[in-house]
Amino acid sequence: MAISTAEEVDLIRQSVRSLCEKFPEFYWRETDEKKQYPEEFIQTLTDEGWLSVLIPEEYGGAGLGMYEAGVILEEINRSGGNAGAGHAQMYTMGAILRHGNEDQKQRYLPKIASGELRLQAFGITEPTAGSDTTSIETTAEKRGDKYIVNGQKIWISRTEHSDLMLLLARTTPKEQVKKKTDGLSLFILDMKDQKANITIRPIDTMINHATTEVFFENTEIPAENLIGEEGKGFKQVLSGMNAERILIASESIGDGKYFIDKAVEYANERVVFNRPIGKNQGVQFPISEAYMDIEAAALMRDKAANLFDTGENCGPEANMSKYLSTEATWKAANAAMTTFGGYGFATEYNIERKFREARLFIVAPVTNNLVTSYVGQHVLGLPRSF
Amino acid sequence: MNIYVLLKKTFDTEEKINVSNGEIEDDGAEFIINPYDEYAVEEAINQRDAHGGEVTVVTVGDEDSEKQLRTALAMGADKAVLINTEDDLEEGDAFTTAKILEAYFEDKEADLILGGNVAIDEASGQVGPRLAEYLGIPYVTTITDLKIEGENVTIEKDVEGDVEIVETSLPLLVTCQQGLNEPRYPSLPGIMKAKKKPLEELEIDDLDLDEDDVAAKTKTIDIFLPPEKEAGRVLEGDASEQVQELVSILKNDEKVL
Chain A
313 MAISTAEEVD LIRQSVRSLC EKFPEFYWRE TDEKKQYPEE FIQTLTDEGW
363 LSVLIPEEYG GAGLGMYEAG VILEEINRSG GNAGAGHAQM YTMGAILRHG
413 NEDQKQRYLP KIASGELRLQ AFGITEPTAG SDTTSIETTA EKRGDKYIVN
463 GQKIWISRTE HSDLMLLLAR TTPKEQVKKK TDGLSLFILD MKDQKANITI
513 RPIDTMINHA TTEVFFENTE IPAENLIGEE GKGFKQVLSG MNAERILIAS
563 ESIGDGKYFI DKAVEYANER VVFNRPIGKN QGVQFPISEA YMDIEAAALM
613 RDKAANLFDT GENCGPEANM SKYLSTEATW KAANAAMTTF GGYGFATEYN
663 IERKFREARL FIVAPVTNNL VTSYVGQHVL GLPRSF
Chain B
6 MNIYVLLKKT FDTEEKINVS NGEIEDDGAE FIINPYDEYA VEEAINQRDA
56 HGGEVTVVTV GDEDSEKQLR TALAMGADKA VLINTEDDLE EGDAFTTAKI
106 LEAYFEDKEA DLILGGNVAI DEASGQVGPR LAEYLGIPYV TTITDLKIEG
156 ENVTIEKDVE GDVEIVETSL PLLVTCQQGL NEPRYPSLPG IMKAKKKPLE
206 ELEIDDLDLD EDDVAAKTKT IDIFLPPEKE AGRVLEGDAS EQVQELVSIL
256 KNDEKVL
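Line order of the protein sequences matches chains A and B.
First residue of the first sequence? That's 313 in our numbering, and the numbers climb one at a time after it.
First residue of the second sequence? That's 6 in our numbering, and the numbers climb one at a time after it.
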């Protein structure tokens, strides 16, 4: 993996800012209003190589680490944009990179790096299983040289804007395995090829996130698209989850900085009772408090990313950074709302849109309650709380 | 084609300028590539892509100037040269910089040298023309278009909002004006490639110069900020009274008439 100097990281930040200037807030307001996928923005990110930051150079990417990837997403969200439309193209391929064989890497990674193929749908969650991943009911049954998939997934984002899906399915029934985490397998599903055997139903949500329900009916996956060993998919998914936590933390930090930037600007310029409203402690202090929390959360994010990049266990830090940044940003979101008063509710000020978007990260991709219980149980050694 | 860009780092346009004891405080200030030099870098890359050759970016500065050179390399320049005067020179002016560059270019066979029209800090606009004079090559300032065919060059030059068309030939020095192009920002592959591009560091000693050869020809007496803008005055009465008062103010108070 290539290491960036502080100056190069700064250059990455500056360049992403310049890119985002081409997509000002009215672009995001409009895509939000029309519930449109920000295709033009994602294409630009792809063309300029930002989404292949984590793919090694030999497969056509930049070969940088989670730290740089986080910086890119942070800047997108800080600009008023929403990196959620493309972040998964960065890290979903990690399962292929870490657990796939050379043939799979050669077949997919260069095309993902160039953007020719989009792998930004990650099919895990199911209506009956929720966060209880080992209870998923979608099955993949091996018949000859292919697997036949049947079942249903929910809250799968960007399915309609992805060529491939990374899919977790049961290959051995739960009652036939010793450990409930066994018997789950991870696949690369070619959704374009299997269009006829997949039904995608968009879910209308509070934010523009292109999330869907997906139904599989005798969907076929060639056996060579199984990632790693059959039955060991759960572990492979876990390592990807740490990456996801760190990147979501980064986006959330970007949102938090956005709220601080906007709140500070408005508190300084808005004059009521003959003085800028920032002079009021009730306005000023929540902004300062949220800023301190965001700065602290960013340190935890940096720590988690650096551990990830040096190949060390970063489970606790990745989870903690996700928790700390989303909670800090939620404080900042509320401070911004208080600062803007009634104008915060007017869509043209963008605060309400970012407010809705910032709320997502408290529940997704993992709810902060589960992070808290994870820390209690696995970091502190307390009894399992659920 | 052997293309060179003269580049200077300047204060970020968003920085607030503070002056204390007759000097500009630059502690902790953010620096950027002089915006006019960005047009020069962009044009150099475009001309190289059209005609082949190599782009070398040259700066006279200090250790910190490396950042702006790296940015130019990430934009697509091939090589960078930092002439570091930090340890040798206390003060310098346009003469100093042009003299150092003259020595640098002595053994280079430059076909095209591009610079910014002015640097946004001191805005002398002299380094480019002086260097061309020293090197004995033609120069055109404030260009907004550049077409090269073989040795022949056709240039559009901004003349206070009007356009002058100039025909000249290589080797040539030009200074770039807004409107020439839209400078790119580095892409991620650009940043990665820049890691492997050469950045040569020289001192004036390496150019067979010593401090006296390049001693500044000008002396800065004082540096001060413009006076703070005062609140405006609203004139009262009907239109003819207001006009009369305005003329009186311009004549007697402001003494501009």
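Glycine included, every Cβ here is placed at the ideal spot set by N, Cα and C.
Only buried fits His-473/A, as 16 or more other CB atoms lie within 10 angstroms of its CB.
Separation of Gly-552/A and Ala-407/A (C-alpha to C-alpha, rounded to the nearest whole angstrom) is 6 Å. Going by beta carbons, Gly-435/A and Leu-478/A fall inside the 8 Å limit.
DSSP, read as helix, strand or coil, puts Gln-548/A in helix. Any Cβ of chain B closer than 8 Å to the Cβ of Ile-572/A would place that residue at the interface, and such an atom is absent. Judged by pairs of C-beta atoms under 8 Å, the segment 512-532 of chain A does not touch the segment 584-603 of chain A, as fewer than three such pairs exist. In summary, the residues of the segment 347-372 of chain A whose CB is separated from some CB of chain B by less than 7 Å are Glu-360, Gly-361, Trp-362 and Val-365, in the order they occur in the chain.
Secondary structure at Gly-237/B: coil, using DSSP grouped into helix, strand and coil. About 5 Å separates the beta carbon of Ala-609/A from that of Ala-640/A, a gap short enough to meet the 8 Å contact definition. Here the alpha carbon of Ala-381/A sits roughly 43 Å from the alpha carbon of Glu-107/B. Under the DSSP definition of a beta bridge, Arg-668/A lacks any partner. Within the segment 317-341 of chain A, those residues whose Cβ lies closer than 8 Å to any Cβ of chain B are, in chain order, Glu-319, Glu-320, Asp-322, Leu-323, Ile-324, Gln-326, Ser-327, Ser-330 and Leu-331. The Cβ atoms of Glu-208/B and Asn-23/B do not sit closer than 8 Å to each other. Beta-carbon to beta-carbon, Lys-465/A and Glu-438/A are separated by about 6 Å, close enough to satisfy the 8 Å threshold. Chain A has no Cβ within less than 8 Å of the Cβ of Pro-203/B.
Residues of the segment 137-148 of chain B whose Cβ lies closer than 8 Å to any Cβ of chain A: none. Counting C-beta pairs closer than 8 Å gives fewer than three between the segment 151-170 of chain B and the segment 23-42 of chain B, which falls short of the contact rule. Interface with chain B (8 Å Cβ-Cβ cutoff): Ala-400/A is excluded.
If you draw a straight line from the Cα of Gly-594/A to the Cα of Ile-254/B, it comes to about 47 Å. Where Cys-332/A is concerned, the enclosing alpha helix (DSSP H) starts and stops at 318-333. Counting only residues of its own chain and dropping the five nearest sequence neighbours on each side, Ala-630/A has a CB closer than 6 Å to the CB of Asn-554, Arg-557, Ile-558 and Ala-616.
In this structure, the alpha-carbon of Phe-652/A lies about 15 Å from that of Gly-568/A.
Contacts with chain A at 8 Å (Cβ-Cβ) include Ser-192/B. In the structure shown, Arg-482/A adopts extended strand secondary structure according to DSSP, grouped into three states. When Leu-431/A, Gly-495/A and Ser-443/A are compared, the shortest CA-CA separation from Tyr-686/A is found for Ser-443/A. Among the bridge pairs identified by DSSP, Cys-626/A is matched with none.
Contact between the segment 77-95 of chain B and the segment 48-67 of chain B is present: three or more C-beta pairs spanning the two stretches fall below 8 Å.
Taking 8 Å as the threshold, the shortest C-beta distance from Lys-222/B to chain A does not fall below it. Between Tyr-570/A and Asn-389/A, the CB-CB gap stays under 8 Å. Taking the C-beta atoms as reference points, Gly-155/B is found no nearer than 8 Å to Thr-146/B. In the structure shown, Ile-466/A adopts extended strand secondary structure according to DSSP, grouped into three states. Each residue's CA atom was taken as its position, placing Glu-577/A and Val-383/A some 23 Å apart. Burial check for Lys-504/A: the Cβ neighbour count within 10 Å stays below 16, so the residue is exposed.
DSSP places Ala-55/B in the uninterrupted alpha helix (DSSP H) bounded by 40-56.
Under the three-state reduction of DSSP, Gln-488/A is assigned to helix. Distances from the CA of Val-328/A to each of Leu-240/B, Gln-249/B, Glu-250/B and Pro-194/B were compared; the closest alpha carbon is that of Pro-194/B.
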